[in-house]
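Colleague:
2 protein chains.
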Amino acid sequence: MDKVAAVKGTRDFYPEQMAVRNWIFDAWRAASLRNGFEEYDAPIFEYLQLYTQKSGEEIAAQLFSLTDRGGRELAIRPEITPTLARMVNQKINALARPIKWFSIPRLCRAERPQKGRLREFFQWNVDIIGSDEVLADAECIYTAVDFLRSVGLKDNDIVVKLSSRSMLAALLLSQGFAPKQLDTVYVLLDKRAKVPEDKFGEMAAEQIPDAALRDKLLTLQAVQSLEEVEKLCNSDQAQTALSQLSDLFNCLNTMGIAAFCQFDITIVRGLAYYTGPVYEIFDCSAELRALAGGGRYDNLLSGLGGSQVPATGFGMGDVVLQILLEEKGLIASQNNKLDAFVVATDKSLFDQSLQLTGALRQKGFKVDLSYKQSGLGKQLKQPAAQRAASVLILGEETLNENKVTIKNMASGEQKTVSLDTLLEKGLF
Amino acid sequence: MDKVAAVKGTRDFYPEQMAVRNWIFDAWRAASLRNGFEEYDAPIFEYLQLYTQKSGEEIAAQLFSLTDRGGRELAIRPEITPTLARMVNQKINALARPIKWFSIPRLCRAERPQKGRLREFFQWNVDIIGSDEVLADAECIYTAVDFLRSVGLKDNDIVVKLSSRSMLAALLLSQGFAPKQLDTVYVLLDKRAKVPEDKFGEMAAEQIPDAALRDKLLTLQAVQSLEEVEKLCNSDQAQTALSQLSDLFNCLNTMGIAAFCQFDITIVRGLAYYTGPVYEIFDCSAELRALAGGGRYDNLLSGLGGSQVPATGFGMGDVVLQILLEEKGLIASQNNKLDAFVVATDKSLFDQSLQLTGALRQKGFKVDLSYKQSGLGKQLKQPAAQRAASVLILGEETLNENKVTIKNMASGEQKTVSLDTLLEKGLF
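If you read the protein sequences in the order shown, they are chains D and Y. Its first residue numbered 1, the first sequence is counted upward by one per residue in the numbering used here. Its first residue numbered 1001, the second sequence is counted upward by one per residue in the numbering used here.
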């Protein structure tokens, strides 16, 4: 028979990798719960139509699609936001608002695997639906930073780069860009941080032939602060969007995370469904892809057949995050796998070692035992391989005096206790 | 835009359902860890070939298959055992044996949805690889029962029905059945518990035309105990397999779970890859499908291109389990979602309420706040909707005396404390 390999661009999680994944997921869950979010999940696949309707083009091109027995077209979820919108739309009248939900979905995208990008990954999603207050945007950003701080990252490790799609649109329109040019400009700006300045100039010349308009864009993309934006504002819409973004920065300051946040007008979040504030989180050295991205998407629920309900949220993948945490030496080391490992030196002690193991497990200890009555030397290799904190040895003392030797694997210290005490009281 | 529905036969996990799922998963994890198993996982899809090679026909017919951009045929995993075999084969020389691993994979099967069967479900898998001792089989069964007991099921709620594929094969061969007839008999026996006796007779007559052989099968399927089996044993192979099964029952007795276990010769586990002891776990009223099924599969790893390494394990799905737990009233009720909900009676208190919320969250409390400065009455509806244990009210006392009122939502009791104390010490 052939040896079949794993599919390229996917990961096997052996226990060592799984421990890291669980450590990250646990920290995501803890940050979500203390900030008032509840967990949800949904099927791994949806009807294809859910994604072709409203997802960004980049995502729609990367779908893993399949057909069920009835010939219906399905797709493995490439993101969970359309599913979230579907679920909320289905029960909108029964859900207390604001709806604060989080999820840690497994997602698949049929793209070419490269550093920081895989064909299967996990993404922490945090969303608030039913509030148009900037505090809702601030809460999402705060929750992301809260998690990143909880795993040991500081304000000189990571930065939240923030802008506003509604502000950018209003600025561009007031400066003479046509509505149909906006998407072109978004794609250009999205590339800004990824190419050198002269290359950006070339791309701009190609996409925006009108030199006067192009100069306006080049001025705009160089803007560094909200004060500079204010000088360029010459419409009520631009002013309103600017003041909303300014309120958001004030909230983040009151919440104590201003040091993590920075205005960056080139943040546009591709062509997807964003309508208001948008942000991406990067490592400060800017060597990796974005750790997370999000923003306000007030039209997605109505776009998917629901009512007009405002919404905001972000997604943070596990792949880039894990690369950064490894680089910074922040992955927590694994604990002992077992509290104790039971070995017996004589076959006649088999039943007793089995009963002791069972009794300790019932008290909640993680305990294992040697399956074979091999020599003591061989049996004693297992506790180390299984990362046991201690070894319980049943031997002559057990046969003669009903006693057990406990050896601490770290210190090497040994002591002898009665089997009855162990059975009754457990290990500690 | 159209409102797109969820795919039939799948489940949305709103927070209420997600809490139940997490409660079950947590109990699965706890039982696995205390019995010495480590968690692993793998991609949601594999190359199609991994399943067409060795899975039972029933499973192979229910695959959700898809094609990647390079034209390679993939399938969403319908079970995780082939993946487990693949992963172990890849690293067999680096893994300390016995390998004791568990996983809680999401699985998909393209079958018609019905009670207890969905097209997407979760299945707890517990396996021991690299040991041919019956204790390894016993440990898996013990871990299953350990979990079921931990969620409140008793020995009059559930039963582990045990047999042995190797014993059954040896018995049949020694009684004159041809090797090529074994699969037919397995399928017949697998149906035994699901049809009335006369219907079973009809099916047997159809499948086994030879009346003498058929009588032997009818005698065999009526056997109730290992003592009765012993009388029918007339080959060394049958005797060896019987004695192995008998050892397994002795182990289960020593481990204290004999009351949950029962010999049942009709347990064969379909046509899949089992080679030794096999078992299924049922509710005692036998009204539901099997809760779990497993057994020894010593040839799967070599069948998938690896070395000859013995293996044993089981899978327990979440769907039938949850139906049973609901019927028995054993689903744990949800705790409070939040420790506290902060409301402010005046707009000027907004910054203080935001800071108090942040400070309490940093101490690990689950805290939320009202986003809008609406009237106090309206704001006080939220803590109940969000299942908060207490409400913290910032009002005139905060403006004048820097004090906060804490209201216990269960008792209705109120007390007033200083904001500084709360910020410094937290809630309790």
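Every residue gets a Cβ at the ideal spot worked out from N, C-alpha and C, and that includes glycine. Quick caveat, the model's predicted, so the values are computed rather than measured.
For D:Leu154, count neighbouring Cβ atoms within 10 angstroms of its own Cβ and tell me buried if that reaches 16, exposed if not.
Modeller: Stepping through the first sequence from its first residue, residue 154 of chain D is reached at position 154. Note on identity: in this sequence residue 154 of chain D is Lys, with Leu being the wrong assignment. Counting Cβ neighbours within 10 Å, D:Lys154 comes out exposed, since fewer than 16 surround it.
Colleague: Assuming the contact rule is C-beta atoms closer than 8 Å, D:Ala144 and D:Met316 should be a hit. Round their C-beta distance to whole Å, please.
Modeller: Translated into positions along the first sequence, residue 144 of chain D becomes position 144. Translated into positions along the first sequence, residue 316 of chain D becomes position 316. Contact flag correct, Cβ pair sits at about 6 Å.
Colleague: How do the stretch 67 to 78 of chain D and the stretch 410 to 422 of chain D stand: do at least 3 beta-carbon pairs fall below 8 Å, yes or no?
Modeller: Result no; under three Cβ-Cβ pairs closer than 8 Å.
Colleague: If we count the other Cβ atoms within 10 Å of its Cβ and call it buried at 16 or more, is Y:Pro1179 buried or exposed?
Modeller: Position 179 of the second sequence holds residue 1179 of chain Y. When all chains shown are included, Y:Pro1179 counts as exposed.
Colleague: Less than 8 Å between CB atoms is the rule here; does Y:Lys1366 satisfy it with respect to chain D?
Modeller: As a first step, residue 1366 of chain Y is located in the second sequence; it is residue number 366 there, counting from the start. It does: the Cβ of Y:Lys1366 has a partner Cβ on chain D nearer than 8 Å.
Colleague: Please confirm if Y:Ile1024 has its CB atom under 8 Å from at least one CB of chain D.
Modeller: Locating residue 1024 of chain Y in the second sequence gives position 24, where the first residue counts as 1. For Y:Ile1024, the answer is no, since every Cβ of chain D falls outside 8 Å of its Cβ.
Colleague: Below 8 Å between beta carbons is the criterion; list the residues of the stretch 87 to 117 of chain D that meet it against any residue of chain Y, in chain order.
Modeller: Cβ contacts with chain Y come from Met87, Asn89, Gln90, Lys91, Ala96, Pro98, Lys100, Trp101, Arg106, Cys108 and Ala110.
Colleague: DSSP three-state call for Y:Arg1106: helix, strand or coil?
Modeller: Here residue 1106 of chain Y refers to the residue found at position 106 of the second sequence. Three-state result, Y:Arg1106: strand.
Colleague: Please list the residues of the stretch 1035 to 1052 of chain Y that have a C-beta atom closer than 7 Å to any C-beta atom in chain D, keeping them in chain order.
Modeller: Of all residues in the stretch 1035 to 1052 of chain Y, Asn1035, Gly1036, Glu1038, Glu1039, Tyr1040, Asp1041, Ala1042, Pro1043, Ile1044, Phe1045, Glu1046, Tyr1047, Gln1049 and Leu1050 have a Cβ within less than 7 Å of some Cβ in chain D.
Colleague: Say whether chain D places a C-beta atom closer than 8 Å to the C-beta of Y:Lys1337.
Modeller: To locate residue 1337 of chain Y, count along the second sequence from 1; it is residue 337. For Y:Lys1337, the answer is yes, since a Cβ of chain D falls inside 8 Å of its Cβ.
Colleague: Note down, in chain order, each residue of its chain lying with its Cβ closer than 7 Å to the Cβ of D:Gln221, except the 5 sequence neighbours on either side.
Modeller: Counting from one through the first sequence, the residue named residue 221 of chain D turns up at place 221. Cβ within range, chain order: Leu189, Arg192, Ile265 and Thr266.
Colleague: Where does D:Tyr40 sit, in a helix, a strand or coil, going by DSSP?
Modeller: Along the first sequence, read from residue 1 onward, the residue named residue 40 of chain D stands at position 40. It is coil, neither helix nor strand.
Colleague: Can you give me the Cβ contacts of Y:Arg1289 inside the same chain, cut-off strictly under 6 Å, excluding the 5 residues immediately before and after it?
Modeller: Position 289 of the second sequence, counted from the first residue, corresponds to residue 1289 of chain Y. Contacts found: Gly1116 and Val1320.
Colleague: With a CB to CB cut of under 8 Å and the five nearest residues on each side skipped, what residues in its chain are close to Y:Gln1262?
Modeller: Here residue 1262 of chain Y is taken as the residue at index 262 of the second sequence, counted from 1. Once the five neighbours on either side are set aside, the close Cβ partners of Y:Gln1262 are Val1159, Val1160, Lys1161 and Leu1162.
Colleague: Short of 9 Å Cβ to Cβ, which residues in the stretch 1116 to 1139 of chain Y face chain D?
Modeller: Residues passing the 9 Å Cβ filter: Arg1119, Glu1120, Ile1128, Ser1131, Glu1133, Leu1135, Ala1136, Ala1138 and Glu1139.
Colleague: Indicate whether D:Leu245 and D:Ser164 have their beta-carbon atoms separated by less than 8 Å.
Modeller: Translated into positions along the first sequence, residue 245 of chain D becomes position 245. Translated into positions along the first sequence, residue 164 of chain D becomes position 164. In contact: D:Leu245 and D:Ser164 (Cβ atoms closer than 8 Å).
Colleague: Where does D:Lys337 land, buried or exposed, given buried means 16+ other C-beta within 10 angstroms?
Modeller: For the purposes of this step, residue 337 of chain D is taken as residue 337 along the first sequence, with counting starting at 1. With 16 or more other Cβ atoms within 10 Å, it is buried.
Colleague: Taking the Cβ atom as the reference point for each residue, do Y:Phe1147 and Y:Ala1027 lie within a distance shorter than 8 Å?
Modeller: Residue numbering aside, residue 1147 of chain Y sits at position 147 when the second sequence is read from its first letter. Residue numbering aside, residue 1027 of chain Y sits at position 27 when the second sequence is read from its first letter. Yes, the pair counts as a contact, with Cβ atoms nearer than the cut-off.
Colleague: Is it buried or exposed for D:Ser166, if we count other Cβ within 10 angstroms and need 16 for buried?
Modeller: Along the first sequence, read from residue 1 onward, the residue named residue 166 of chain D stands at position 166. Counting Cβ neighbours within 10 Å, D:Ser166 comes out buried, since at least 16 surround it.
Colleague: Cα separation between D:Ile468 and D:Ile323?
Modeller: Chain D is shown from 1 up to 428; residue 468 of chain D falls before or after that span and cannot be answered.
Colleague: In chain C, what lies closer than 9 Å to Y:Tyr1371 by C-beta?
Modeller: Protein chains D and Y are contained in the structure displayed, whereas chain C is not.
Colleague: Using the three-state DSSP reduction, which class does Y:Glu1280 fall into: helix, strand or coil?
Modeller: In the second sequence, the residue the question calls residue 1280 of chain Y occupies position 280. In the structure shown, Y:Glu1280 sits in a strand (DSSP, three-state: E or B).
Colleague: Rounded to whole angstroms, what's the CA-CA distance from D:Asp68 to D:Leu248? Just pull it up for me.
Modeller: The residue you call residue 68 of chain D lines up with position 68 of the first sequence. The residue you call residue 248 of chain D lines up with position 248 of the first sequence. So the alpha carbons of these two residues sit roughly 45 Å apart.
Colleague: Taking Cβ-Cβ distances below 9 Å as the criterion, which residues of the stretch 1293 to 1314 of chain Y are in contact with chain D?
Modeller: Residues Ser1302, Gly1303, Leu1304, Gly1305 and Gly1306.
Colleague: Establish whether the CB of Y:Tyr1014 and some CB of chain D are separated by less than 8 Å.
Modeller: As a first step, residue 1014 of chain Y is located in the second sequence; it is residue number 14 there, counting from the start. So, interface residue.
Colleague: Would the stretch 1270 to 1283 of chain Y and the stretch 1036 to 1051 of chain Y be scored as touching if the rule is three or more Cβ pairs under 8 Å?
Modeller: No contact exists between the stretch 1270 to 1283 of chain Y and the stretch 1036 to 1051 of chain Y.
Colleague: For Y:Phe1121 versus Y:Asp1318, is the C-beta spacing smaller than 8 Å?
Modeller: Position 121 of the second sequence, counted from the start, is the residue given in the question as residue 1121 of chain Y. Position 318 of the second sequence, counted from the start, is the residue given in the question as residue 1318 of chain Y. Yes. Within cutoff.
Colleague: For D:Asn125, list the residues DSSP reports as bridge partners.
Modeller: By 1-based counting over the first sequence, the position of residue 125 of chain D is 125. Partner(s): D:Ser103 and D:Gly315.
Colleague: Under 9 Å between beta-carbons, which chain Y residues line up against D:Asp155? List them in chain order, please.
Modeller: Locating residue 155 of chain D in the first sequence gives position 155, counting from the first residue. By Cβ distance, chain Y contributes nothing, its closest Cβ being about 15 Å from D:Asp155, past 9 Å.
Colleague: For D:Gln322, which of helix, strand or coil comes out of DSSP?
Modeller: Counting from one through the first sequence, the residue named residue 322 of chain D turns up at place 322. Three-state DSSP puts D:Gln322 in a helix.
Colleague: Taking the CB atoms as reference points, tell me whether Y:Pro1098 and Y:Ile1129 lie closer together than 8 Å.
Modeller: Residue mapping note: residue 1098 of chain Y aligns to position 98 of the second sequence, counting from 1. Residue mapping note: residue 1129 of chain Y aligns to position 129 of the second sequence, counting from 1. Cβ atoms of Y:Pro1098 and Y:Ile1129: closer than 8 Å.
Colleague: So is D:Gln382 buried or exposed if we call it buried at 16+ other beta carbons inside 10 Å?
Modeller: As a working note, residue 382 of chain D is residue 382 in the first sequence. Buried: at least 16 other Cβ atoms inside 10 Å.
Colleague: Check distances from the C-beta atoms of the stretch 1339 to 1354 of chain Y to those of chain D and list, in chain order, the residues that come in under 7 Å.
Modeller: Answer set for the stretch 1339 to 1354 of chain Y: Asp1351 and Leu1354.
Colleague: Below 8 Å, can you find three or more Cβ-Cβ pairs linking the stretch 1076 to 1091 of chain Y to the stretch 1100 to 1108 of chain Y?
Modeller: They touch, by the three-pair rule.
Colleague: List, in chain order, every chain Y residue whose beta-carbon is nearer than 8 Å to that of D:Gln386.
Modeller: Walking along the first sequence from the start, residue 386 of chain D turns up at place 386. Per Cβ cutoff of 8 Å: Gly1036 and Ala1096.
Colleague: To the nearest angstrom, how far is it from the Cα of Y:Glu1401 to the Cα of Y:Ser1418?
Modeller: The count along the second sequence starts at 1 and reaches residue 1401 of chain Y at position 401. The count along the second sequence starts at 1 and reaches residue 1418 of chain Y at position 418. Near 8 Å, if we compare the C-alpha coordinates of Y:Ser1418 and Y:Glu1401.
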